[in-house]
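Asks: Structure in structure tokens, see below.
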Amino acid sequence: MPILTKAHDALRLRTSPGVFFTSALISLVFVVLTVAFTTTVDNVFSTASGWIMTNLGWFYILGVTTFLIFLVIIALTHYGRVRLGGDDERPEHSTLAWFSMLFAAGIGTILMFWSVAEPISHFANPPQQDVAPESEAAAREAMGFTLYHFGFHTWAIFALPGLCFGYFIYKRKLPPRVSSIFAPLLGGRIYGPIGKTIDVVAIIGTIFGVATSVGLGTLQINAGLAQLFGLEESGIIQIALIALVTVMAGISVALGLDKGIKRLSNFNIGLAVMLLIFVLVTGPSLFLLKGMIESVGIYADTLPNLAFWNDTFADSGWQNTWTVFYWAWTITWSPFVGIFIARISRGRTIREFVAGVLALPVLFSVIWFSIFGMGSFHIELEGDGGLVERVVDAGDIPGALFEFLGNFPLTGLVSGIAILLVVIFFVTSVDSTAMVLDMMSGGTEGKAPMHQRLFWAVIMGLVAATMLVATGKDGLDALQQVITVVGLPFFVMGFVMMYSLVRGIREDLGELPEPVTRQWTEVKTAEDLEAAASRPAPEVVVVTRAIPDEIDGDDGGRDEREGSSAHAGNGSAPGAESHAGAEAEWAR
Numbered sequence: 078m079p080i081l082t083k084a085h086d087a088l089r090l091r092t093s094p095g096v097f098f099t100s101a102l103i104s105l106v107f108v109v110l111t112v113a114f115t116t117t118v119d120n121v122f123s124t125a126s127g128w129i130m131t132n133l134g135w136f137y138i139l140g141v142t143t144f145l146i147f148l149v150i151i152a153l154t155h156y157g158r159v160r161l162g163g164d165d166e167r168p169e170h171s172t173l174a175w176f177s178m179l180f181a182a183g184i185g186t187i188l189m190f191w192s193v194a195e196p197i198s199h200f201a202n203p204p205q206q207d208v209a210p211e212s213e214a215a216a217r218e219a220m221g222f223t224l225y226h227f228g229f230h231t232w233a234i235f236a237l238p239g240l241c242f243g244y245f246i247y248k249r250k251l252p253p254r255v256s257s258i259f260a261p262l263l264g265g266r267i268y269g270p271i272g273k274t275i276d277v278v279a280i281i282g283t284i285f286g287v288a289t290s291v292g293l294g295t296l297q298i299n300a301g302l303a304q305l306f307g308l309e310e311s312g313i314i315q316i317a318l319i320a321l322v323t324v325m326a327g328i329s330v331a332l333g334l335d336k337g338i339k340r341l342s343n344f345n346i347g348l349a350v351m352l353l354i355f356v357l358v359t360g361p362s363l364f365l366l367k368g369m370i371e372s373v374g375i376y377a378d379t380l381p382n383l384a385f386w387n388d389t390f391a392d393s394g395w396q397n398t399w400t401v402f403y404w405a406w407t408i409t410w411s412p413f414v415g416i417f418i419a420r421i422s423r424g425r426t427i428r429e430f431v432a433g434v435l436a437l438p439v440l441f442s443v444i445w446f447s448i449f450g451m452g453s454f455h456i457e458l459e460g461d462g463g464l465v466e467r468v469v470d471a472g473d474i475p476g477a478l479f480e481f482l483g484n485f486p487l488t489g490l491v492s493g494i495a496i497l498l499v500v501i502f503f504v505t506s507v508d509s510t511a512m513v514l515d516m517m518s519g520g521t522e523g524k525a526p527m528h529q530r531l532f533w534a535v536i537m538g539l540v541a542a543t544m545l546v547a548t549g550k551d552g553l554d555a556l557q558q559v560i561t562v563v564g565l566p567f568f569v570m571g572f573v574m575m576y577s578l579v580r581g582i583r584e585d586l587g588e589l590p591e592p593v594t595r596q597w598t599e600v601k602t603a604e605d606l607e608a609a610a611s612r613p614a615p616e617v618v619v620v621t622r623a624i625p626d627e628i629d630g631d632d633g634g635r636d637e638r639e640g641s642s643a644h645a646g647n648g649s650a651p652g653a654e655s656h657a658g659a660e661a662e663w664a665r
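Numbering (our numbering), first residue to last: 78 to 665.
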């Protein structure tokens, strides 16, 4: 539209005017309406989220498990050898740097916020209500649910769009937008109103999803400062914290990926490992080590059941406020995490991508939650307790980690380090999200004006502050209601993504050639068997076909070079032909 284009040029932006201004307007309208009509907005989201959790919670559960199964299958097939980029491209980042930057996508905030709060909550209130609360059996059930929530399923939600982005952006050279994933279905319409609508929905969902993480991080920082310095836990303080971290994220945005996000990520993952080792060494080390190994078995044992568990018989509503919230929250910001992971994973094969994104972070998550979870259980079962009283009875989930650290030496120092960890995870989340939102709205990875990228960081801060403070409800409750509603369309998109990816790879790769084997004659004696077995298998001679760079406009003819093929070796099938190009590679 001319008006938007003029505004775009006047503001010196480099983006798609329709996508940028529509997304910005919707975000700002949410902020204004929530502040002006708090009760009405509360009622709308409360009613909508209640209906979704009651009637569609099963769809969220099924969706995430389906994503996980799909990723494993596609990695194990011959599609797994396809590279996310040119056929000759290789990864830009080392495995260690890659692993560190995965946590810049926001999962670090989750690790800090829920490391103690989730295990101890389920320990006090067993989800399946089939064991005695605060018992050893409750501890096992709590660990199973915790790892279910932060293990393979969470990373499957991130990995699916990440894989799709990696393929369509770096293999097919399409713009870095969510609509590009649907190119096999929509064709050129991804550049029209349908494509722009998809991109706007993705940007809005990402803003709300990351704003939820920002809100959780703010609550935890406030709780830690309250414990260390007696700082009041209030909306004013939380708004000030959001503003401070947004400014810090803006500085990181200005430094760019390599100087900003990468350095902060490497520093923070090192700091997180140090905190983990401190808890292990100064706590009940033998109990924690044994518990960590046992947690792997608990996870493996409970995963098949929990992957499809829907609380059908008890219908207690527990799953709606925990699992459904997690999946809705995670999937709303999965486009951001996906495009970020795709960018740092360029050059890896699909198999390397799936194995790395699922295995490496999940391994770290299992170790992290096992150490903190088992440590929490030990405090309650063998120590002075107090965690259940503060986290469950008093409802102070943000303060769980700091209550836990109060049972270890150097409480003040270590709690300060924990706050620093949350802040840096917070900064890298906002920083990387601003970068990705800028890419999604502009459709390019080129360098954008600094004020354009900073705008997204400010918008996320505004939405987070609004959701947390201006909704008129308890902060965590408000975050849950809004994100459950926003997450619904993303599950629908996830199923379409799977079909679109398979269709795209099949179109580019083609089908596998028919297998070529030795041809056996009738065997009647041992000598016949020995002679037949000694004949070598046929050797495939590959056909190469050059893909033309240009098509002659006059006659439509193609300049195509073809090689001949033959099958060598005794007993080879006469007259058989090998398949062309990339297909023949799979036959070798």
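Every residue, glycine too, gets a C-beta built ideally from N, C-alpha and C.
Given this structure, state the Cα-to-Cα distance separating residue 410 from residue 594, to the nearest angstrom.
Replies: Numbered from 1 along the sequence shown, position 333 holds the residue referred to as residue 410. Numbered from 1 along the sequence shown, position 517 holds the residue referred to as residue 594. Each residue's Cα considered, the two are about 49 Å apart.
Asks: Please list the terminal residues of the continuous alpha helix (DSSP H) segment that includes residue 132.
Replies: Position 55 of the sequence shown holds residue 132. Counting along the chain, the alpha helix (DSSP H) containing residue 132 begins and ends at 115-153.
Asks: Does residue 160 come out as helix, strand or coil in the three-state DSSP assignment?
Replies: As a working mapping, residue 160 is identified with position 83 in the sequence shown. Note: residue 160 maps to strand in three-state DSSP.
Asks: May I ask you to report which of helix, strand or coil DSSP gives residue 604?
Replies: Looking up residue 604 in the sequence shown gives position 527. Reduced to three states, the DSSP call for residue 604 is helix.
Asks: Could you spell out the range, first to last residue, of the alpha helix (DSSP H) harbouring residue 455?
Replies: Your numbering for residue 455 matches position 378 in the sequence shown. First-last of the alpha helix (DSSP H) with residue 455: 427-458.
Asks: Quick one: grab the DSSP three-state call for residue 211.
Replies: Locating residue 211 in the sequence shown gives position 134, counting from the first residue. Taken through DSSP and simplified to helix, strand or coil, residue 211 comes out as coil.
Asks: Assuming contact is defined by CB atoms lying nearer than 8 Å, are residue 432 and residue 142 in contact in what I supplied?
Replies: On the sequence shown, position 355 is the one that residue 432 refers to. On the sequence shown, position 65 is the one that residue 142 refers to. Against a cut-off of 8 Å, the Cβ pair of residue 142 and residue 432 comes out as no contact.
Asks: Measure the CB-CB distance between residue 70 and residue 341 and report whether it falls below 8 Å.
Replies: This structure gives no information on residue 70, because the portion of the chain shown stretches from 78 to 665.
Asks: Quick one: give me the first and last residue of the alpha helix (DSSP H) that residue 518 is part of.
Replies: In the sequence shown, counting from the first residue as 1, residue 518 sits at position 441. Note, residue 518: alpha helix (DSSP H), 488-519.
Asks: So for residue 543, helix, strand or coil by DSSP?
Replies: Stepping through the sequence shown from its first residue, residue 543 is reached at position 466. Helix at residue 543.
Asks: Quick check: the Cα distance between residue 577 and residue 192, rounded to an integer number of angstroms?
Replies: Counting from one through the sequence shown, the residue named residue 577 turns up at place 500. Counting from one through the sequence shown, the residue named residue 192 turns up at place 115. Near 36 Å, if we compare the C-alpha coordinates of residue 192 and residue 577.
Asks: So, are the CB atoms of residue 233 and residue 435 less than 8 Å apart?
Replies: The residue labelled residue 233 in the question sits at position 156 within the sequence shown. The residue labelled residue 435 in the question sits at position 358 within the sequence shown. Cβ atoms of residue 233 and residue 435: closer than 8 Å.
Asks: Between the region 214-231 and the region 242-252, can you find at least three pairs of beta-carbon atoms closer than 8 Å?
Replies: no
Asks: Leaving out the 5 sequence neighbours to the left and right, which residues in its chain are closer than 7 Å to residue 600 when beta-carbon positions are compared?
Replies: One-based indexing of the sequence shown puts residue 600 at position 523. Cβ within range, chain order: 606, 609.
Asks: Just to check my reading of the structure: residue 372 and residue 224 have Cβ atoms closer than 8 Å, yes? What is that Cβ distance to the nearest angstrom?
Replies: In the sequence shown, counting from the first residue as 1, residue 372 sits at position 295. In the sequence shown, counting from the first residue as 1, residue 224 sits at position 147. Indeed, because the Cβ distance is near 7 Å, the residues count as touching under 8 Å.
Asks: With a threshold of 7 Å on Cβ separation, who are the neighbours of residue 135 within its own chain once the five nearest residues in sequence on each side are excluded?
Replies: On the sequence shown, residue 135 is found 58 positions in, with the first residue counted as 1. Excluding residues within five positions, the ones whose Cβ falls inside 7 Å are 387.
Asks: Counting only beta-carbon atoms, is residue 385 nearer than 8 Å to chain B?
Replies: Of the protein chains in this structure there is only one, and it is not chain B.
Asks: If I measure Cβ to Cβ from residue 169 and keep anything under 8 Å in the same chain, skipping five residues before and after, which residues do I get?
Replies: Walking along the sequence shown from the start, residue 169 turns up at place 92. Taken in chain order, the residues that qualify are 421, 423, 424.
Asks: Taking the continuous alpha helix (DSSP H) assigned at residue 292, which residues delimit it?
Replies: Here the question's residue 292 lines up with position 215 in the sequence shown. Per DSSP, residue 292 belongs to the alpha helix (DSSP H) from 270-306.
Asks: What is the rounded straight-line gap between the Cα of residue 467 and the Cα of residue 86?
Replies: Residue mapping note: residue 467 aligns to position 390 of the sequence shown, counting from 1. Residue mapping note: residue 86 aligns to position 9 of the sequence shown, counting from 1. In a straight line, the C-alpha of residue 467 is about 54 Å away from that of residue 86.
Asks: Can you give me the Cβ contacts of residue 266 inside the same chain, cut-off strictly under 7 Å, excluding the 5 residues immediately before and after it?
Replies: Position 189 of the sequence shown, counted from the start, is the residue given in the question as residue 266. Here the set comprises 272.
Asks: Ignore the nearest five residues each way along the sequence and tell me which others in residue 208's own chain have a CB closer than 7 Å to its CB.
Replies: Within the sequence shown, residue 208 is the residue found at index 131, counting from 1. Answer for residue 208: 214, 215, 218, listed in chain order.
Asks: Once the 5 residues before and after residue 82 are set aside, which same chain residues still bring their CB inside 6 Å of it?
Replies: Position 5 of the sequence shown, counted from the first residue, corresponds to residue 82. Excluding sequence neighbours, residue 82 sits near 94.
Asks: How close, in whole Å, do the beta carbons of residue 534 and residue 511 come, if the pair is a contact with beta carbons under 8 Å?
Replies: Taking the sequence shown and counting its residues from 1, the one referred to as residue 534 is at position 457. Taking the sequence shown and counting its residues from 1, the one referred to as residue 511 is at position 434. Contact holds; Cβ gap of about 4 Å.
Asks: Could you tell me the boundaries of the alpha helix (DSSP H) in which residue 378 lies?
Replies: Residue numbering aside, residue 378 sits at position 301 when the sequence shown is read from its first letter. Run containing residue 378: 362-383, per the alpha helix (DSSP H) assignment.
Asks: Should residue 515 go down as buried or exposed, given a rule of 16 or more other Cβ atoms within 10 Å for buried?
Replies: By one-based count along the sequence shown, residue 515 stands at place 438. The residue is buried, with at least 16 neighbouring Cβ atoms inside 10 Å.
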